[in-house]
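Participant:
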Amino acid sequence: MTDIPPSTLRTPGALVAAGLVPESGRTAIEAVAARYAVAITPAMADLIDPDAPDDPVGRQFVPDAAELRAAPGEDADPIGDGTHAPVPGIVHRYPDRVLLKPLHACAVYCRFCFRREAVGPGGEGALSAAALARALDYIAARPAIWEVVVTGGDPLILSVRRLRDLTRRLGAIPHVRVIRFHTRVPVVSPERVTPGLVAALRAGAGGQAVFVVLHANHAREMTLAARAACGRLVDAGIPLLSQSVLLRGVNDSPEALEGLMRALVEARVKPYYLHHPDLAPGTGHFRLPVAEGQALVETLRGRVSGLCQPAYVLDIPGGHGKAPLTPCAAEAPDAEGRHRVRDWRGGLHLYPPEGVPPPRGRDAG
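Start counting the sequence shown at 6; every next residue gets the next number (this note's numbering).
1. Leaving out five residues on either side along the sequence, give the residues of the same chain with a beta carbon under 7 angstroms from the beta carbon of Phe119.
2. What is the C-beta distance between His109 and Glu79, in whole angstroms, given that I count them as a contact (C-beta under 8 angstroms)?
3. If we count the other Cβ atoms within 10 Å of its Cβ and call it buried at 16 or more, is Asp339 buried or exposed?
4. Are the beta-carbon atoms of Pro315 and Ser249 separated by less than 8 angstroms?
5. Going by beta carbon distance, what residues of the same chain come within less than 8 angstroms of Gly209, once the five residues before and after it are set aside?
6. For the alpha helix (DSSP H) holding Ala23, just list the boundary residues, first then last.
7. Starting from the Cα of Gly287, find the closest Cα among Leu312, Arg267, Ala75 and give me that residue.
8. Pro77: buried (16+ other C-beta within 10 angstroms of its C-beta) or exposed?
9. Can you give the beta carbon distance from Val302 to Thr331, rounded, assuming they're within the 8 angstroms contact cut?
10. Would you report the Cα separation of Ala190 and Pro93, rounded to the nearest angstrom?
11. What's the C-alpha gap between Arg273 and Ile243?
12. Keeping to the same chain, check which residues put their C-beta closer than 7 angstroms to that of Val239; ignore five residues upstream and five downstream.
13. Between which residues of its own chain and Pro91 is the CB-CB distance below 8 angstroms, once the five residues before and five after are set aside?
14. Could you tell me how far apart the beta carbons of Asp159 and Cys111 are, in whole angstroms, since I believe they sit closer than 8 angstroms?
15. Could you say if the segment 149-163 and the segment 98-106 meet the contact criterion of at least three C-beta pairs nearer than 8 angstroms?
16. Measure the C-alpha to C-alpha separation of Arg169 and Leu163 and round it to an integer number of angstroms.
17. By a C-beta neighbour count over all protein chains shown, 10 Å radius and 16 as the cutoff for buried, is Gly63 buried or exposed?
18. What number of angstroms, rounded off, separates the C-alpha of Leu137 from the C-alpha of Ser29?
19. Could you tell me the alpha carbon to alpha carbon distance between Ala231 and Gly360, rounded to whole angstroms?
20. Taking Cβ positions only, does His109 come closer than 8 angstroms to chain B?
21. Cutting at 6 angstroms between CB atoms, please list the residues of its own chain near Ala3, excluding the five before and the five after it.
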């Protein structure tokens, strides 16, 4: 059903043999691996500096004993998927779109994953043929569903045959006009982005717009092979967006965020979301305060062009959806209806300027 490189590192022993974990750390990592899935593809293993314990790529994928330390408020379902799951494989949180999760496996397993309790060998697995049919029937029966976000797990590790079948079946639902695939594959396993896979993403006969949203968190992930894989998708007419997670020790500096966003745009990937980390179990060592995240995002405004600006968002715990966290540059209006607006250097300016009357509201007499 899936196609993942056989040389992917999956066990503490393999991590020790690859030099990514010292022999002295094997026991601690075995305890982590007993609870949470481990997988590091060759493309990512090659990027990790084993002599740098704070390597930003290694921090994302190499297990850490800190993952077994629980913190108050952490939840196995931190964004409340289960609250909005009418049938297996579907999350219907917003009126016009749904998540479709055909499988709960990934090419790599991120140590901060918000679905870490559901993915991997001990997780929820793949939908059966009958369950997938029920999920597609749910979508087909609701004309308000305009967009389907295919996620998981990582849908691009499905075999080309199954991916093509899924795209065709979604394409046969006339009210679905947008199909969006969320994936890490072009970065972590770029060789999988073959002409056959690209064609499978475009196999729907209904004329739907197809988007791919790429998950990447550090500029070093955007290797030449990753950029080439992105290029194969873009050159086939599939627009690419990105989603990243703001992570302590990975991209929590102005320089790291700037480098990531520039690398994405250079690969023809438009930055879309920068997620505040979720309250997933054992991920406290990745989290930072919202105010710190807002300050970091504010530094991007003057450092990089508008093409490089993602929306900084929080998935509100409990299933209440996303909320924007990007700081607002305009203060509340004064008694005359003028705002103080902050420029990228921190200077404040009146708008409208003195001498220019503020516009009247729609309901003004």
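Even for Gly, the Cβ is constructed at its ideal location relative to N, Cα and C. Remember, it's a predicted structure, so these values are computed and weren't measured experimentally.
Facilitator: The answer reads as follows:
1. By one-based count along the sequence shown, residue 119 stands at place 114. These residues qualify, in order along the chain: Pro83, Ile84, Asp283, Ala285.
2. Position 104 of the sequence shown, counting from 1, holds the residue named residue 109. Position 74 of the sequence shown, counting from 1, holds the residue named residue 79. With a Cβ gap of about 20 angstroms, His109 and Glu79 do not count as contacting.
3. Counting from one through the sequence shown, the residue named residue 339 turns up at place 334. Label assigned to Asp339: exposed.
4. The count along the sequence shown starts at 1 and reaches residue 315 at position 310. The count along the sequence shown starts at 1 and reaches residue 249 at position 244. With contacts defined by Cβ atoms closer than 8 angstroms, Pro315 and Ser249 form a contacting pair.
5. Here residue 209 is taken as the residue at index 204 of the sequence shown, counted from 1. Around Gly209: Thr172, Arg173, Leu175, Gly176, Ala177, Ile184, Val215.
6. Within the sequence shown, numbered from 1, the residue matching residue 23 stands at position 18. First-last for Ala23: undefined, no H or E at that position.
7. Position 282 of the sequence shown, counting from 1, holds the residue named residue 287. For Gly287, the nearest C-alpha among the options comes from Ala75.
8. Within the sequence shown, the letter at position 72 stands for residue 77. Its Cβ having fewer than 16 others within 10 Å, Pro77 is exposed.
9. Numbered from its first residue, the sequence shown carries residue 302 at position 297. Numbered from its first residue, the sequence shown carries residue 331 at position 326. With a beta-carbon spacing of about 6 angstroms, Val302 and Thr331 fall inside the 8 angstroms limit used to define contacts.
10. Taking the sequence shown and counting its residues from 1, one reaches residue 190 at position 185. Taking the sequence shown and counting its residues from 1, one reaches residue 93 at position 88. Looking at the sequence itself, residue 190 is Val, so the reference to Ala does not match. Annotation: Val190 to Pro93 spans about 24 angstroms, alpha carbon to alpha carbon.
11. Along the sequence shown, one-based indexing puts residue 273 at 268. Along the sequence shown, one-based indexing puts residue 243 at 238. Answer to the nearest angstrom: the Cα atoms are 11 angstroms apart.
12. As a working mapping, residue 239 is identified with position 234 in the sequence shown. Leu245, Arg273.
13. Along the sequence shown, read from residue 1 onward, the residue named residue 91 stands at position 86. Take Pro91, set aside five residues on each side of it, and the residues of its chain with a beta-carbon closer than 8 angstroms to its own are His97, Tyr143, in chain order.
14. Translated into the one-based positions of the sequence shown, residue 159 becomes position 154. Translated into the one-based positions of the sequence shown, residue 111 becomes position 106. Cys111 and Asp159 do touch by the CB rule: their CB atoms are close to 4 angstroms apart, below 8 angstroms.
15. Result yes; three or more Cβ-Cβ pairs closer than 8 angstroms.
16. Position 164 of the sequence shown, counting from 1, holds the residue named residue 169. Position 158 of the sequence shown, counting from 1, holds the residue named residue 163. When rounded, the distance between both Cα atoms is 9 angstroms.
17. Here residue 63 is taken as the residue at index 58 of the sequence shown, counted from 1. Buried, since its Cβ has 16 or more Cβ neighbours within 10 Å.
18. Reading the sequence shown from its first residue, position 132 is the one you call residue 137. Reading the sequence shown from its first residue, position 24 is the one you call residue 29. So the two alpha carbons sit approximately 45 angstroms from each other.
19. Taking the sequence shown and counting its residues from 1, one reaches residue 231 at position 226. Taking the sequence shown and counting its residues from 1, one reaches residue 360 at position 355. Their Cα atoms are separated by approximately 53 angstroms.
20. The structure shown has no chain B; it contains just one protein chain.
21. With the chain running from 6 to 370 in the structure shown, residue 3 is simply not present.
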